[in-house]
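Student: Dropping the structure in here first, questions after.
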Amino acid sequence: GTPFNMSANATHSQNTNTGTVTMALPSLQVSMSRIYPFAGKGGIKKNPLQKIGLTYNMQGEYRINTSEDEFFTAKMFETANAGVQHRSDISTNITLLNYFTLSPNINYKEVWNFKKINKTYDPTLQNSDGSFGTVVSDTIGGFSNFREYGTSVSLSTNIYGTFNFKKGRLKAIRHTIRPSVSFSYRPDFADRYNETVQSNLEGTEFETYSPFDGGTSLYGRPGAGLSNTIGISLNNVIEGKLAPEDPDSDEEDRKITILNNLNFSSSYNIAADSLRWSPVNASLGTRLLKDKLALNLNASLDPYQINETGQRIDKFVKGLPRLTRANLTANYTLSSRDFSGEKNDNSGNGNGNQVTPDVLGKNLNPANSFASDPSNSQNNNEEEEITELYKSTIPWSLNLAYSASYANNGVNNIGIQSHSVMFGGDFDLTPKWKVGFSSGYDIASGGFTFTRMNFSRDLDSWRMSFNWVPFGNNQSYVFFIGVKSGILSDLKYEQNKPPDRVLF
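Numbering (this note's numbering), first residue to last: 572 to 1075.
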C-alpha cells in the first residue's frame, strides 16, 4: 500500500453574542509514514544508509474570520487568510563498537504564506502631539515563505549489572543503566527574515519587525534565538527473578520489576551567556503489592542560586541543587477478582443458544420449556441445578488515588501547594444494572472535589443511563434512554438539568 494518508475537513463556528464567524474552507492534511528509500530487497536494513528513514507532513488551510454583516461579501474574502506548512524529518541509526548507538537526525520546515506585513515611514503624517512622521503598516498580498531547519545527534548505550542470591525466593537482581548524550543545533531564523524601517524624522532610529506578524501567517513566524544545546540523561531500571513458592513445582521463575524507572536529565546551553545549565529533572516510578499500587515521583532541582527577589543568578548552590518542585502520585486498584481467586468464566457450549441473564437472575428460560431442559431427561442422573434469582457475587472495582505537590521559589511560595485524595469505582448491582461513582477530598482547602454518580441499565436493544452531579458549582443531571443501534440513534429521550450559570 501507499505510505501516504490524506484528510480534509471544513469547519464553521459562529458566536451569536458577538456576531463573529470563523470558517476553515477547507483544512487539508497529508502525511507520509516513515519510509526507507535505501533499504535492501525485502526491506532489509543492515547498514546506516539502509536505515535512513524519511517522514513528511503537510498542512494547509483557508481560514475566514468575519462577522455576520460581512458574511459572503467581498470584504470577507479580502480579510481571509491561507497558508501551507511542510515538515520533513530524516534519521538513521549507527552502531559503534558493538555497544553504542549513534542516532543523527535532520528536520526541515517550510511555511508558505499569501500575505505579509510591509512597514514604511511617512514623514508627511502628523502625530497627535503635532510632530510629523510615523511608521505605516500595510498588509500586502502575494506569495512569501520562510524556512527553518535543525539537526541533532544522540549517543546511547546500555550497561547491565547482575546480582545473584543463593538463598531465598529472590534469585537475582538485574540493574540496567541507559546513559545518553545528545547535541542539538538550530540557527536563529528570525534575524534572517526580520526587516527594518526608519522610525524617526531624522533617520537615526530604526524599528525591527517580522513580515509574518499581524496574523498574516497561519503557522507562526521564524523561530528566534540560537539553540545550541547538549543534553544528558540517565535512565535506570531494576528487575528481579523470583522463584515459585513451591520449590518442587514445575513453574518457571517469574520476572518482576522492582523499579520501573529512575531517571535524571539536564541540558547545557552553549549559546547562552549565563545560566547555561537547565534544572535537573528527576522521576521515579514503581509498582508494589502485586502491581496494584503505582507510585510516581517527579522533581525539579535547580543548580543555581537566587537573589532576594527569587531570580536565578549565575552562581552555583553549595551542596545539592535546590528542590524547586516535586509531585507525588499514588494509585491503588482493588476489585472483586482479587478476593474470588477465580479466572474469567468464558465457557459456553458455543452454539449460540445461551439465554441472556435476567435482571435479577441468571440464564432464566423465558419459555420455561420442560422438554428442552436437559435436567429433566430421564437419562440425566445429575442433581438438578437451582437457578439463582440474584447473583451471589457482585463484580466491583475500586480506585484510590493520592496526589501532593510541593513548590519552592525561595522567597514566599514555599510548601505544599495541593494535597488531595481521589476515589472512584463501579459495581454491577444486577447483571444489567451498573453503578459508578467518583469523588475526592482536597485536604489543602478542606472540601470535596468534583463528585459524580452514574447509573446505567442494559435494556437489550435499548440502553438507559442517569448521570448525576449532586453538589458543587457543576450540580446537574442527565437522563437518557435510546436505541443502541447507530442507524436508529435519533430514537431517544433525553432530559437534563445543566449547571447554573455564574455571571459574576
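From the three backbone atoms N, C-alpha and C, an ideal C-beta is built for every residue, glycine too.
Could you say which of S715, F777, R757 lies nearest to T705 if we only look at CA atoms?
Tutor: Reading the sequence shown from its first residue, position 134 is the one you call residue 705. When each option's Cα is compared against that of T705, the closest is F777.
Student: Using the Cβ count rule (16 or more neighbours within 10 Å means buried), how would you classify L789?
Tutor: The residue given as residue 789 occupies position 218 in the sequence shown. Counting Cβ neighbours within 10 Å, L789 comes out buried, since at least 16 surround it.
Student: Within the same chain, show all residues whose beta-carbon is closer than 7 Å to that of T666, passing over the 5 residues directly before and after it, in chain order.
Tutor: Numbered from its first residue, the sequence shown carries residue 666 at position 95. The answer, listed in chain order, is T672.
Student: Comparing C-alpha positions only, which one of L620, G713, K889, V851 sits nearest to S871?
Tutor: Taking the first residue of the sequence shown as position 1, residue 871 is located at position 300. Among L620, G713, K889, V851, the Cα nearest to that of S871 is on V851.
Student: Mind checking which residues open and close the beta strand (DSSP E) that includes K742?
Tutor: Position 171 of the sequence shown, counting from 1, holds the residue named residue 742. Start and end: 741–757.
Student: With a 10 Å radius around its C-beta and 16 neighbouring C-beta atoms as the bar for buried, classify K646 as buried or exposed.
Tutor: Within the sequence shown, numbered from 1, the residue matching residue 646 stands at position 75. Flag for K646 reads exposed.
Student: From which residue to which residue does the beta strand (DSSP E) around A901 run?
Tutor: On the sequence shown, position 330 is the one that residue 901 refers to. Element bounds for A901: 893–906.
Student: DSSP three-state call for Y764: helix, strand or coil?
Tutor: Mapped onto the sequence shown, residue 764 falls at position 193. Looking at Y764 - three-state DSSP - the assignment turns out to be helix.
Student: With distances taken Cα to Cα, identify the nearest neighbour of T1001 among W967, D1013, S1032.
Tutor: Indexing the sequence shown from 1 puts residue 1001 at position 430. When each option's Cα is compared against that of T1001, the closest is W967.
Student: Alpha carbon to alpha carbon, how far is I606 from G624? Give it in angstroms, no decimals.
Tutor: Working through the sequence shown from its first residue, we reach residue 624 at position 53. Working through the sequence shown from its first residue, we reach residue 606 at position 35. Between G624 and I606, the C-alpha separation is close to 5 Å.
Student: Take the Cβ of Q882 as the centre, count every other Cβ of all protein chains shown within 10 Å, and call the residue buried at 16 or more, exposed below.
Tutor: Translated into the one-based positions of the sequence shown, residue 882 becomes position 311. Exposed: under 16 other Cβ atoms inside 10 Å.
Student: What first and last residue would you give for the alpha helix (DSSP H) that runs through T646?
Tutor: Numbered from 1 along the sequence shown, position 75 holds the residue referred to as residue 646. For the record, residue 646 in the displayed sequence is Lys; it is not Thr. Start and end: 645–649.
Student: Using the rule of at least 16 other Cβ atoms within 10 Å of the residue's Cβ for burial, across every protein chain shown, is F783 buried or exposed?
Tutor: Within the sequence shown, residue 783 is the residue found at index 212, counting from 1. Answer is buried; the Cβ neighbour count reaches 16.
Student: Can you tell me whether DSSP reads F1051 as helix, strand or coil?
Tutor: Here the question's residue 1051 lines up with position 480 in the sequence shown. F1051: strand per DSSP, three-state reduction.
Student: What did DSSP end up calling K1005 once you bin it into helix, strand or coil?
Tutor: Position 434 of the sequence shown, counting from 1, holds the residue named residue 1005. It is a strand residue.
Student: Can you list, in chain order, the residues of its chain with a C-beta nearer than 6 Å to that of R764? Leave out the 5 residues immediately preceding and following it.
Tutor: Position 193 of the sequence shown holds residue 764. What sits at residue 764 in the sequence shown is Tyr, not Arg. Taken in chain order, the residues that qualify are F717, P793.
Student: Which partner residues of K1068 appear in the DSSP bridge assignment?
Tutor: Mapped onto the sequence shown, residue 1068 falls at position 497. Looking at the DSSP assignment, K1068 forms a beta bridge with Y1048.
Student: Are the Cβ atoms of P597 and Y627 separated by less than 8 Å?
Tutor: To locate residue 597, count along the sequence shown from 1; it is residue 26. To locate residue 627, count along the sequence shown from 1; it is residue 56. Taking 8 Å as the Cβ cut-off, P597 and Y627 do not qualify as a contacting pair.
Student: Measure from the alpha carbon of G856 to the alpha carbon of each residue in D824, A842, T900, N840, then state which is nearest.
Tutor: One-based indexing of the sequence shown puts residue 856 at position 285. The candidate whose alpha carbon is nearest that of G856 is T900.
Student: Report the rounded CA-to-CA distance for I661 versus N676, giving the unit in angstroms.
Tutor: By 1-based counting over the sequence shown, the position of residue 661 is 90. By 1-based counting over the sequence shown, the position of residue 676 is 105. Near 6 Å, if we compare the C-alpha coordinates of N676 and I661.
Student: Quick one: grab the DSSP three-state call for S820.
Tutor: In the sequence shown, the residue the question calls residue 820 occupies position 249. In this structure, S820 counts as coil in the three-state DSSP scheme.
Student: For Y1012, which residues in the same chain have their Cβ closer than 6 Å to its Cβ, ignoring the five residues on either side in sequence?
Tutor: Within the sequence shown, residue 1012 is the residue found at index 441, counting from 1. Hits under 6 Å: V992, F1019.
Student: Looking only at its chain, what residues have a beta carbon closer than 7 Å to the beta carbon of L525, apart from the 5 residues adjacent to it on each side?
Tutor: This structure does not reach residue 525, given that the chain is present from 572 up to 1075, and the question cannot be answered.
Student: So, with DSSP's three-state summary, where would you put K617?
Tutor: Within the sequence shown, the letter at position 46 stands for residue 617. Residue state, collapsed to three classes: coil.
Student: Less than 7 Å between C-beta atoms, sequence neighbours within five positions excluded: which residues of the same chain meet that for P1069?
Tutor: Counting from 1 along the sequence shown, the entry for residue 1069 is found at position 498. Excluding sequence neighbours, P1069 sits near S1047.
Student: Taking all protein chains shown into account, do 16 or more other C-beta atoms lie within 10 angstroms of the C-beta of V521, making it buried, or fewer, making it exposed?
Tutor: This structure cannot speak to residue 521, because the chain is shown only from 572 to 1075.
Student: Please identify the residue among T733, I877, S854 whose C-alpha is closest to the C-alpha of L868.
Tutor: Indexing the sequence shown from 1 puts residue 868 at position 297. Checking every option, the nearest Cα to that of L868 belongs to S854.
Student: Which residues in the same chain as F642 place their Cβ atom closer than 8 Å to its Cβ, once the five residues preceding and following it in sequence are excluded?
Tutor: Taking the first residue of the sequence shown as 1, we reach residue 642 at position 71. Counting only Cβ-Cβ distances below 8 Å, and skipping sequence neighbours, we find V592.
Student: Within 10 angstroms of the Cβ of M594, are there 16 or more other Cβ atoms? Answer buried if so, exposed if not.
Tutor: Mapped onto the sequence shown, residue 594 falls at position 23. Buried, by the Cβ-count rule.
Student: Could you give the DSSP three-state label for F703: helix, strand or coil?
Tutor: For the purposes of this step, residue 703 is identified with residue 132 of the sequence shown, where counting begins at 1. Strand, per DSSP.
Student: Do P750 and L805 have their C-beta atoms within less than 8 Å of each other?
Tutor: The residue you call residue 750 lines up with position 179 of the sequence shown. The residue you call residue 805 lines up with position 234 of the sequence shown. Yes; because the gap between Cβ atoms is below 8 Å, this pair is in contact.
Student: Does the stretch 744–763 come close enough to the stretch 717–729 to have 3 or more Cβ pairs within less than 8 Å?
Tutor: Taking 8 Å as the limit for Cβ pairs, the verdict is that the stretch 717–729 does touch the stretch 744–763.
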